[in-house]
Amino acid sequence: MPDRLPNFLLAGVPKSGTSSMHSYLRGHPQIYLPDRKELHYFTHDLLAECLEGPGDRQVWERTVATLDEYKSFYSGAGSEPIVGESSPSYAYFHQAIPRILERLGDDLRVLIMIRNPIKRAHSTYVHMVTNQRETLSFHDSIMKEAQRKTQGYGDFWRYAEHGLYSQPIEAWIKAIGRDNLKVILLEEFNSDNEAVFAELLSWLGIDSTYRPGDLGAAYGHTGTARNKALKSALNSAASFAVTVKRMLPSSLYLRAKRLNATLNRANTSRADFPIEDRTWEHLSDYFREDLLLTGELIGKDLRGWLDKAQLGVGS
Numbered sequence: 073m074p075d076r077l078p079n080f081l082l083a084g085v086p087k088s089g090t091s092s093m094h095s096y097l098r099g100h101p102q103i104y105l106p107d108r109k110e111l112h113y114f115t116h117d118l119l120a121e122c123l124e125g126p127g128d129r130q131v132w133e134r135t136v137a138t139l140d141e142y143k144s145f146y147s148g149a150g151s152e153p154i155v156g157e158s159s160p161s162y163a164y165f166h167q168a169i170p171r172i173l174e175r176l177g178d179d180l181r182v183l184i185m186i187r188n189p190i191k192r193a194h195s196t197y198v199h200m201v202t203n204q205r206e207t208l209s210f211h212d213s214i215m216k217e218a219q220r221k222t223q224g225y226g227d228f229w230r231y232a233e234h235g236l237y238s239q240p241i242e243a244w245i246k247a248i249g250r251d252n253l254k255v256i257l258l259e260e261f262n263s264d265n266e267a268v269f270a271e272l273l274s275w276l277g278i279d280s281t282y283r284p285g286d287l288g289a290a291y292g293h294t295g296t297a298r299n300k301a302l303k304s305a306l307n308s309a310a311s312f313a314v315t316v317k318r319m320l321p322s323s324l325y326l327r328a329k330r331l332n333a334t335l336n337r338a339n340t341s342r343a344d345f346p347i348e349d350r351t352w353e354h355l356s357d358y359f360r361e362d363l364l365l366t367g368e369l370i371g372k373d374l375r376g377w378l379d380k381a382q383l384g385v386g387s
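In the numbering used here, each number is its position in the sequence shown, counted from 1, plus 72.
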């Protein structure tokens, strides 16, 4: 059988439910998704341009650098009508679209998941604190974002900028057409995951009655570490596992990965970093125009995302 490469991309955005969606879709018998999420093959070189932040290079080294390595993740694909990849950098780095289409063709379906951008920014911040990469307060990190970008920090440090959704959505619409792009709001998925998931499967043209047993379970949980020494050890273990992955039997690697995730969940609690009034005011101004543009593109009123009460803002 000739090489099979993706005809479907879960392109973003980070901290908007992509890990959960990858897990749900991977179980569908008509979908082939690799075990591993976030190959980032088509953005490998773009990501290499910003590696000056703490831990940036280690994260980048896990991305896929060559076409042969990329193809190896799809060697197990059979006759499934949908072959996919989940790499949330493909939304933010929309300048990679020509390279993606050159390799995968323009008969491509793309899913972008978005959420309240202030909550998304805060979730990414907490993720970085939990992984012992971020040392500033949420407010100070937002104020330092532009400076860090200039200094060459990786894109994941751009907590606010990743929440500007209109440009990547518009770029993908222009590239593949509105019918081939689907945008799902995490808030809508969480409120009625069965209906939204069924609609997604129908859009993909596959059996829409399939439901994963864990539909609604949260993956990619973010919280603060109770025991920082244990968290540090778990992070080191995870990095080591990625390094030796090719030397481990697949079953052993997956068991180790699940154990690490279980220990991480046991060692974390939900973040207790309230969003300050001044931070909310700054981010509301920052996102307001883009939310109007995004809403026009997807036909939804997103102004409620700036509701102070919804965010639980406290001074």
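Here a beta-carbon is modelled for each residue, glycine too, at the ideal position from N, C-alpha and C.
Handout entry: Cβ pair His211, Arg350 closer than 8 Å
Key = Sequence index remark: in the sequence shown, residue 211 carries index 139 (1-based). Sequence index remark: in the sequence shown, residue 350 carries index 278 (1-based). Yes, Cβ-Cβ distance for His211 and Arg350 is below 8 Å.
Exercise for the section: Would you please state the rounded distance, in angstroms, between the beta carbons of Pro78 and Val182? I believe it to be under 8 Å. Expected result: Position 6 of the sequence shown, counted from the start, is the residue given in the question as residue 78. Position 110 of the sequence shown, counted from the start, is the residue given in the question as residue 182. 10 Å between Cβ atoms; not a contact.
Exercise for the section: Just the C-alpha distance for Val268 and Pro153, rounded to the nearest angstrom, thanks. Expected result: Numbered from its first residue, the sequence shown carries residue 268 at position 196. Numbered from its first residue, the sequence shown carries residue 153 at position 81. Each residue's alpha carbon lies about 20 Å from the other.
Practice task
Specify, as a first and last residue, the run of the beta strand (DSSP E) that Val268 falls within.
Solution key: Here residue 268 is taken as the residue at index 196 of the sequence shown, counted from 1. It is not in any beta strand (DSSP E) - Val268 instead sits in the alpha helix (DSSP H) that spans 265-276.
Practice task
Return the CA-CA distance between Asp75 and Ser209, expressed in angstroms with no decimal places.
Solution key: For the purposes of this step, residue 75 is taken as the residue at position 3 of the sequence shown. For the purposes of this step, residue 209 is taken as the residue at position 137 of the sequence shown. Roughly 47 Å between the two C-alpha positions.
Exercise for the section: Compute the Euclidean distance between the alpha carbons of Ser280 and Ile256, then round it to the nearest angstrom. Expected result: Along the sequence shown, one-based indexing puts residue 280 at 208. Along the sequence shown, one-based indexing puts residue 256 at 184. Distance between the alpha carbons of Ser280 and Ile256: 16 Å.
Handout entry: Nonlocal neighbours in the same chain, by C-beta distance under 7 Å from Ala168, ignoring five residues either side
Key = As a first step, residue 168 must be located in the sequence shown, where it is residue number 96. For Ala168, where only same-chain residues beyond five positions count, the Cβ hits under 7 Å are Phe114, Thr115, Leu118, Tyr162.
Handout entry: Range covered by the alpha helix (DSSP H) that runs through Phe80
Key = Locating residue 80 in the sequence shown gives position 8, counting from the first residue. First-last for Phe80: 80-84, but that is the beta strand (DSSP E), not the alpha helix (DSSP H).
Problem - Exposed unless 16 or more other CB atoms sit within 10 angstroms - verdict on Leu139 - result: Along the sequence shown, one-based indexing puts residue 139 at 67. Its Cβ having fewer than 16 others within 10 Å, Leu139 is exposed.
Practice task
Determine contact between the region 128-145 and the region 94-102, defined as no fewer than three beta-carbon pairs at a distance below 8 Å.
Solution key: no
Exercise for the section: Inspect the CB distances between the region 169-188 and the region 221-229 and report whether three or more fall short of 8 Å. Expected result: no
Handout entry: Residue from Val385, Gly235, Trp244, Asp107 whose Cα sits closest to the Cα of Leu145
Key = By 1-based counting over the sequence shown, the position of residue 145 is 73. Looking at the sequence itself, residue 145 is Phe, so the reference to Leu does not match. Comparing Cα-Cα distances from Phe145 to each of Val385, Gly235, Trp244, Asp107, the minimum goes to Asp107.
Exercise for the section: Just grab the DSSP bridge partners of Tyr104 for me. Expected result: Taking the first residue of the sequence shown as 1, we reach residue 104 at position 32. Val155, per the DSSP bridge assignment.
Exercise for the section: Have a look at Gly127, Arg187, Gly277 and flag the residue whose alpha-carbon is nearest the alpha-carbon of Phe80. Expected result: Within the sequence shown, residue 80 is the residue found at index 8, counting from 1. When each option's Cα is compared against that of Phe80, the closest is Gly277.
Handout entry: Residue from Asn265, Glu259, Ser147 whose Cα sits closest to the Cα of Leu104
Key = Working through the sequence shown from its first residue, we reach residue 104 at position 32. In the sequence as displayed, the identity of residue 104 is Tyr instead of Leu. Considering only alpha carbons, the answer is Ser147.
Problem - Cα-Cα separation between Arg192 and Gly150, rounded to whole angstroms - result: Taking the first residue of the sequence shown as 1, we reach residue 192 at position 120. Taking the first residue of the sequence shown as 1, we reach residue 150 at position 78. Approximately 36 Å between the Cα atoms of the pair.
Handout entry: Proximity winner among Ile248, Lys380, Tyr164, Trp275, relative to Ser88 (alpha-carbon distances)
Key = Position 16 of the sequence shown, counting from 1, holds the residue named residue 88. The option with the nearest alpha carbon to Ser88 is Tyr164.
Problem - Residues near Trp275 by beta carbon distance below 8 Å, same chain, minus five either side - result: Your numbering for residue 275 matches position 203 in the sequence shown. Around Trp275: Arg181, Lys254.
Handout entry: Gln204 to Glu110 span [Cα, whole Å]
Key = Taking the first residue of the sequence shown as position 1, residue 204 is located at position 132. Taking the first residue of the sequence shown as position 1, residue 110 is located at position 38. Straight-line Cα distance between these residues: approximately 21 Å.
Exercise for the section: Can you say whether Ser195 is buried or exposed, counting buried as having 16 or more other CB atoms within 10 angstroms of its CB? Expected result: In the sequence shown, counting from the first residue as 1, residue 195 sits at position 123. When all chains shown are included, Ser195 counts as buried.
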